[in-house]
Amino acid sequence: MASEGQNRFREWINEGAGRWVTIVVCLVVLAGAVAGSVHLLRTHKNRGVQSVKNAGRRVEVFCRSCRKGGTTRVAFYADEVTWPVECPLCKQQQAYPGIRCRNCGNITERPANRDVFPCTHCGAVIDLRGPSGGPTPPKL
Ligand SMILES: [Zn+2]
Ligand SMILES: [Zn+2]
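Residues in the sequence shown are numbered from 185 upward in steps of one, following the numbering used here.
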C-alpha cells in the first residue's frame, strides 16, 4: 500500500504545477546531456588535432654526417621545419630531406629544387615528377 506522502506526490506530478516542473526538469536534463556530449566531442577533437600537431610528422631523412638514411619527426607544417634537422642516428644537425629509393630500398638525399636525381646508393634515377607529368609532390 502506498503511503500518504507518495499519493500526494503522484497527484502533484499528474496535475497543475507539478507536471510543468517535471517537463522543465526533463528538458533541462536533456539539454545538459546534449551540451555535455557536444562539449566532450569538441574537446576530444581539439585534443586530437593538438596531439597530431605536437607529434609532428614522420619524414625520411638522409644524414650528411653519418651518410645514413633514417626516419625522424619534424614540425607538422613544412614552413616550420628548418633543414637540416637532427639526425636520428648520430644526433648531428646534418639530416636533410630524404626519399626511399624504389630500386634498392635505401634512403637517399632529396636535392632541393630537383625532381630527377640519382640514388647515391645504387645510382638508379629517382623521378618525383610522377607518371605522365602529373602533379609534383609538395615541396619540403
Ligand atoms: Zn647521422
Ligand atoms: Zn637506390
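Beta carbons: idealized from backbone N, C-alpha and C, even for Gly.
Here the structure is a predicted model, which is why all the values come from computation and not from measurement.
For R257, the enclosing beta strand (DSSP E) covers residues G253 to V258. With a contact defined as Cβ atoms closer than 8 Å, A279 and E270 qualify at about 6 Å. Spanning the alpha carbons of A201 and G216 requires a straight line of approximately 22 Å.
Rounded to the nearest angstrom, the gap between the Cα atoms of P268 and P281 is 8 Å. Per DSSP, P295 has no beta-bridge partner at all. For the pair G232 and R257, the CB atoms are not nearer than the 7 Å cut-off. Annotation for I197: R203 and T206 place their beta carbon closer than 8 Å to its own, counting only its chain and skipping 5 residues before and after.
Per DSSP, the beta bridge partners of C247 are A279. Ligand 1 never approaches Q277 closely enough for any of its heavy atoms to be under 6 Å from the residue's Cβ.
Around V309, the same chain offers V300 and P302 as residues with beta carbons nearer than 7 Å, after the five sequence neighbours per side are excluded.
Assignment of R226 by DSSP, reduced to helix, strand and coil, places it in the helix class.
With respect to R298, I283 sits apart: the two C-beta atoms are not nearer than 7 Å. In this structure, the straight-line span from the alpha carbon of T292 to that of G253 is close to 6 Å.
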